[in-house]
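Numbered per our numbering, the sequence shown spans residues 69 to 554.
Note that the Cβ used here is the ideal one computed from N, Cα and C, for glycine as well.
Report on one structure; see the data block that follows.
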Amino acid sequence: MALTLFVATADAKREKKVEVDSLGNKIKTGWNFGILPSIAYDADYGFQGGVLTNVYYYGDGSQYPEYIHSLYVEAAYTTKHHGIFRFNYDSKYLIPGYRLTLDATYLPDAMCDFYGYNGYQSKYDYTLHDWSKKPEKMDTAAYRSRVFYKYKRDLIRVAGDIEGTIYKGLKWNAGLGVLGYIIDDCNIDMLNGKNKYDPTLDHQKALNPDEQLLYNKYKEWGLVGKDEMKGGWHPYLRAGITFDTRDKRQGPNRGIYADAFFTYSAAFNAAYGNQATAGYNHLQFNFTFRHYVPCYTDKNGFNRITFAYRVGTQNNIAGRSPFYMNNYMNALFIQRVYYEGLGGGNSVRGMMANRILANGFAYANVEFRFRIVNFDIGRQHFFVGLNPFFDLGIVTQPYNMDELVELHTGGLYHDLKSSMAAAGDNYDDYFSSAKKDVYNPHMTAGLGLKIGMNENFVLSCDWGMPLNKQDNQKWANFYVKMGYLF
């Protein structure tokens with residue numbers, strides 16, 4: 069379950085206008101604040117506590133619901149030891165004629181999800197990490213560790229993006245930034261805290277520090293190389309074009325948004341400066357198409373039903389990318405905290421985070437957006453909506469496991485099976501031998517609740533369930549986030 073409360077909203081400047089916009093809402097002017105402390109639950113990150121605020125400046129309101137400046141600040145932490153510390157600025161008026169976005173984010177994660185390569189080719193076994201206070205409710209013989217599918221990953225992201233107009237809705241885009249990854253095995257002592265592991269007990273909550281987790285096995289098998297196992301720093305350059313005819317950026321009712329862009333990422337050193345990673349310079353291509361179709365408008369001119377869908381793909385077209393960058397979804401503008409893919413509340417809702425890890429992937433999101441009610445509280449304009457949805461993800465560029473083993477072990481083993489056998493592991497316990505499983509689609513469905521303020525500040529609560537238990541053996545996942553998924 070999830071509970072999130074609005075506690076304060078305020079106008080920093082008294083409104084001077086009473087005109088209404090095309091949606092029938094009174095036009096906002098001056099500075100507007102939205103403050104949102106949250107008590108939320110996400111199956112991927114646990115219970116979260118923190119504070120976020122979005123500050124908008126509308127000026128004289130002539131461009132409302134478009135804002136002149138947007139400042140977003142967030143600081144939060146979860147019970148699964150995941151942190152969010154972020155600052156974001158967005159405006160297309162600071163530099164007249166150009167849209168500028170600046171982002172600085174730090175995301176420490178003591179238990180980052182890692183389910184292996186190539187989607188369904190890597191088997192997921194819920195019993196390996198399913199622990200219960202009552203032994204009769206779990207498979208004690210199969211259980212390994214609550215963090216069997218985890219590793220430690222801290223991400224530092226600094227980015228700047230700019231957009232200019234070519235002709236009407238056709239625009240050019242450019243950006244630069246750096247992604248810094250600091251990776252290690254899970255810190256079992258820190259996760260255990262006061263719960264000390266006792267090897268004489270058959271059932272306990274404390275984690276066994278000697279248990280080999282999946283990430284450790286991938287290193288031993290040669291699927292993760294020494295030059296990537298500690299992470300690295302990756303400055304990047306990005307350039308592309310967009311076509312945008314949406315009536316507004318947040319929760320549009322009509323129009324098309326499409327982009328196509330290239331991202332070149334360099335690799336000048338690994339984390340801690342102890343490994344050269346020049347071999348991980350690479351070029352990726354992204355394409356996204358979003359379409360918003362109004363289906364029903366009431367007699368007062370309010371759009372009540374919108375059909376919205378998004379399709380996209382990300383593929384590596386030159387060079388090699390380290391495994392930890394292949395679940396980062398590139399974007400022309402940093403608008404959200406997370407860009408994890410594929411799986412989880414930011415890509416395929418209801419599927420476990422990072423379930424699909426490959427060199428290339430494609431995805432689709434389809435939903436109906438029902439606007440149930442509009443109302444005012446004081447000077448603030450609110451709405452409540454419901455969004456049934458269907459999501460899909462698929463591998464387009466799989467890893468060649470045998471090539472990775474040969475590369476990372478210097479040819480010591482001929483293939484993955486022999487590498488695993490040398491480590492005392494059975495191939496069929498972890499991987500599917502059916503080649504078609506790599507390209508089988510991962511599908512989910514669910515329902516979202518949206519609560520919006522002044523058309524830009526939107527609280528999103530999504531419930532999603534997988535259509536295949538290999539994507540999540542729990543019956544559903546919940547997410548509480550800001551804004552629409554797309």
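Roughly how many angstroms lie between the CA atoms of residue i and residue j, to the nearest whole one?
| i | j | result |
| --- | --- | --- |
| N342 | N395 | Summary for N342: the model assigns pLDDT 42, below 50, so the residue's position carries little reliability; its value from the coordinates is reported in the next sentence. Distance between the alpha carbons of N342 and N395: 24 angstroms. |
| Y283 | A144 | 27 angstroms |
| L305 | Q352 | 11 angstroms |
| Y194 | M420 | 12 angstroms |
| E471 | S487 | 12 angstroms |
| A328 | N354 | 6 angstroms |
| E296 | D278 | 23 angstroms |
| S138 | G245 | 20 angstroms |
| T97 | F451 | 19 angstroms |
| Y161 | G319 | 21 angstroms |
| E435 | A386 | 34 angstroms |
| R417 | W543 | 12 angstroms |
| D171 | L247 | 12 angstroms |
| F336 | M397 | 21 angstroms |
| L480 | A489 | 13 angstroms |
| V67 | W301 | Residue 67 is absent from the model: the chain starts at 69 and stops at 554. |
| R447 | P176 | 38 angstroms |
| D266 | K201 | 16 angstroms |
Nearest to residue i by CA position, among the options, is which residue?
| i | options | result |
| --- | --- | --- |
| T512 | K202, D459 and V526 | D459 |
| N384 | L425, C529 and F357 | L425 |
| P456 | F401, A490, Y552 and L238 | Y552 |
| F115 | N122, T121, P105 and Y124 | P105 |
| Y113 | A178, Y157, I136 and C254 | A178 |
| G184 | G478, K236 and S500 | S500 |
| L236 | N255, L281, G243 and I309 | Rather than Leu, the amino acid found at residue 236 in this sequence is Lys. Cα-wise, what sits closest to K236 is I309. |
| P466 | F429, N433 and M206 | F429 |
| E281 | D266, Y217, Y364 and D257 | Sequence check: residue 281 is Leu here, not Glu. Answer by Cα proximity: Y217. |
| K485 | D493, G516 and L175 | D493 |
| E134 | K537, T356 and S159 | S159 |
| V141 | I152, D366 and N276 | I152 |
| Y249 | D257, M258, Y174 and R154 | Y174 |
| Y126 | E204, A242, I224 and N100 | N100 |
| V215 | L259, F438 and L535 | L259 |
| G412 | G514, G117 and W199 | G514 |
| P303 | Y332, V526 and L238 | Y332 |
| Y192 | F554, K537 and Y547 | K537 |
| A326 | P509, N540 and R378 | R378 |
| L454 | Q448, H197, F438 and N255 | F438 |
| K273 | C254, W199 and K205 | W199 |
| I103 | N414, I95 and V526 | V526 |
Reducing DSSP to helix, strand and coil, say where residue i ends up.
| i | result |
| --- | --- |
| W199 | coil |
| K542 | coil |
| M521 | strand |
| H63 | What is shown of the chain runs 69 to 554, which leaves residue 63 out entirely. |
| L282 | helix |
| L259 | helix |
| A344 | Low confidence applies to A344: its pLDDT is 45, below 50, so where it sits in the model is not reliable, and the reading given next is rough at best. If DSSP states are grouped into helix, strand and coil, A344 belongs with coil. |
| A421 | coil |
| S487 | helix |
| Q272 | coil |
| D496 | helix |
| K367 | coil |
| V119 | strand |
| E134 | coil |
| V292 | coil |
| K94 | strand |
| M297 | coil |
| K160 | strand |
| K504 | helix |
| Y392 | helix |
| D470 | helix |
| K549 | strand |
With respect to 7 angstroms, is the separation between the Cβ of residue i and the closest non-hydrogen atom of the ligand FMN below this value?
| i | result |
| --- | --- |
| G127 | Looking at this structure, you won't find the ligand FMN or any other ligand, since it has none at all. |
Taking contact to mean 3 or more Cβ pairs, one atom from each stretch, closer than 8 angstroms, check whether the segment 303 to 321 and the segment 353 to 364 are in contact. yes
At least three beta-carbon pairs within less than 8 angstroms, the segment 438 to 451 to the segment 414 to 429: no
Stretch pair the segment 390 to 407 + the segment 288 to 298: three plus CB contacts closer than 8 angstroms: yes
Could you tell me whether the segment 144 to 154 touches the segment 182 to 189, using the rule of 3 or more Cβ pairs below 8 angstroms? no
Count Cβ pairs between the segment 224 to 237 and the segment 160 to 171 that sit closer than 8 angstroms; are there 3 or more? yes
Hey, which unbroken runs of the beta strand (DSSP E) at 3 residues or more fall wholly within the segment 179 to 248? 218 to 235
What runs of the beta strand (DSSP E), each 3 residues or longer, lie entirely inside the segment 398 to 458? 428 to 445
Could you say if the segment 369 to 376 and the segment 397 to 412 meet the contact criterion of at least three C-beta pairs nearer than 8 angstroms? no
Can you find at least 3 beta carbon pairs, one from the segment 504 to 524 and one from the segment 210 to 218, that sit closer than 8 angstroms? no
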